[in-house]
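Take a look at the structure below.
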Amino acid sequence: MTEKKKLASLPFFAAILLAIGFVYRFGAQWLRSVLIMLSHASWARKLITHFSLARRVAQRFVAGEQIEAALVAARVLNEKGMLVTLDYLGENVTTEQDAADARDHIIQLLQEIKNWGVDANVSVKLSQLGLRISPDLARENVRLILLKAKELGNKIRIDMEESEVTATTLQIYRTLRDDIGFAHRVGIVVQSYLYRTESDVHELINAGAWIRLCKGAYAESPDVAFAKKSDTDASYVKLMKLMISDGARAKGVYAGMATHDEKMIQATIDEVKAHAVPQSDFEFQMLYGIRRDLQEQLVADGYRVRIYVPYGTAWYPYMVRRLAEHPANLWFFASNLIRR
Ligand SMILES: Cc1cc2nc3c(=O)[nH]c(=O)nc-3n(C[C@H](O)[C@H](O)[C@H](O)COP(=O)(O)OP(=O)(O)OC[C@H]3O[C@@H](n4cnc5c(N)ncnc54)[C@H](O)[C@@H]3O)c2cc1C
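Per the working numbering, the sequence shown runs over residues 29 to 368.
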């Protein structure tokens with residue numbers, strides 16, 4: 029690294045040290061809130077994406093910027109015995125054209141999945157498909173994507189975003205599932221940190237839904253979400269038990285346990301063993317590049333494992349949420365800086 033580049037990196041290094049000091053002084057929860065706030069700030073996005081170092085850190089969590097990179101990653105994961113869900117990065121678009129471009133890209137992605145013969149479905153965010161402009165626009169874009177998925181025998185899962193759009197997201201999902209008739213093609217995500225989720229899960233179980241359970245990745249107010257991690261974890265275990273219960277499976281529920289938390293994974297395995305739940309009735313899900321050791325161990329133990337593989341140029345908010353979840357990733361950021 030040249031002296032000039034070293035000097036340019038100094039503010040970054042100082043910011044990381046400051047952040048680490050911040051964790052020790054105020055606790056990780058504060059840093060998490062600050063990082064999640066930064067994930068929405070366009071000034072921070074412009075600043076950070078400008079640096080090649082940030083792009084390098086993003087590579088740990090993102091398969092690449094082009095569709096081919098995602099398909100190569102999917103193929104490698106399939107060869108290791110893992111299923112995949114591909115995510116074309118992007119969220120909170122503000123123009124109909126951007127929403128249409130994302131929709132067309134995802135339709136092309138479905139075609140490429142078929143052409144490449146990889147075992148992958150697709151995750152989408154409604155805010156990438158126009159939710160912030162109008163719920164009708166987002167619903168219509170997903171409908172067109174689902175038509176393509178149906179033609180190709182594939183499936184789409186709608187990711188869950190901030191709590192302010194939970195009700196609308198569930199409403200759009202239900203319309204696509206029940207009124208427009210994509211019941212076997214569309215899945216949904218629930219977040220264990222929200223108080224409302226238990227009642228949502230009961231409704232989803234009744235409908236025999238295809239559900240992913242995660243803890244939740246956004247900064248939420250204590251008015252709507254558990255503030256303490258232990259409460260979110262307890263809720264996760266409770267919801268997991270509901271979702272893989274005999275009653276839920278009899279209704280046709282297929283659950284994805286999305287977590288890297290060994291305690292949540294062990295609780296799931298204990299429940300599965302206690303109730304003789306077939307391994308084909310549920311799956312574990314993890315994010316690309318996170319806890320690869322655990323991913324491989326679960327496959328070796330005979331469990332279904334699906335990896336969420338994001339790709340695309342809009343990696344900034346996704347990367348910052350991953351840093352927020354696990355502040356130790358800031359060390360990774362810092363060590364890359366030192367190694368340059
Ligand atoms: C397949 C998948 C799909 C998801 N979809 C959504 C969604 O639609 N909506 C939503 O709000 N959230 C989603 N999430 C994110 C999720 O809500 C959590 O924010 C994230 O998974 C971290 O929680 P955890 O369950 O892994 O447990 P945590 O308690 O946060 O972490 C447990 C352990 O996992 C490891 N770990 C966790 N995160 C990281 C990380 N970023 N880097 C390195 N190690 C880490 C660490 O060892 C940590 O100690 C998804 C997660 C997965 C795995």
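Just so you know, even glycine gets a beta-carbon here, dropped at the ideal spot from N, CA and C.
- Straight-line measurement puts the Cα of isoleucine 318 at about 32 angstroms from the Cα of alanine 235.
- Take the alpha-carbon of valine 300 and the one of methionine 268: they are about 10 angstroms apart.
- Looking from the CA of glutamine 219, the closest CA among Ser191, Arg349, Asp115 belongs to Ser191.
- Under the three-state reduction of DSSP, aspartate 115 is assigned to strand.
- Proximity of the region 94-102 to the region 136-144 meets the contact definition, three or more beta-carbon pairs being nearer than 8 angstroms.
- CA-CA distance, isoleucine 233 to lysine 279, rounds to 7 angstroms.
- In summary, serine 258 is exposed, with fewer than 16 beta-carbon neighbours lying within 10 Å of its beta-carbon over all protein chains present.
- For the region 286-319, the full-length alpha helix (DSSP H) segments reaching 4 residues or more read 290-302 along the chain.
- Remark: C-beta atoms of alanine 286 and phenylalanine 254 do not approach each other more closely than 9 angstroms.
- The Cβ neighbour count for aspartate 228, taken over all protein chains shown within 10 Å, is at least 16; the residue is labelled buried.
- By the C-beta density criterion, arginine 205 is buried, having at least 16 other C-beta atoms within 10 angstroms.
- Nearest Cα to lysine 266 within the set Asp321, Gly215, Met292: Met292.
- In this structure, valine 348 and leucine 63 form a Cβ contact; the two beta carbons are roughly 6 angstroms apart against a cut-off of 8 angstroms.
- Taking a C-beta distance under 9 angstroms as the contact criterion, leucine 111 and aspartate 147 qualify as a contact pair.
- In the structure shown, the three-state DSSP call for arginine 224 is coil.
- If you look at glutamine 125, you'll find it in the alpha helix (DSSP H) that goes 124-144.
- Taking 8 angstroms as the cut-off, one finds at least one heavy atom of ligand 1 near enough to the beta carbon of methionine 188.
- Glutamate 324 is not a Cβ neighbour of leucine 270, given a cutoff of 9 angstroms.
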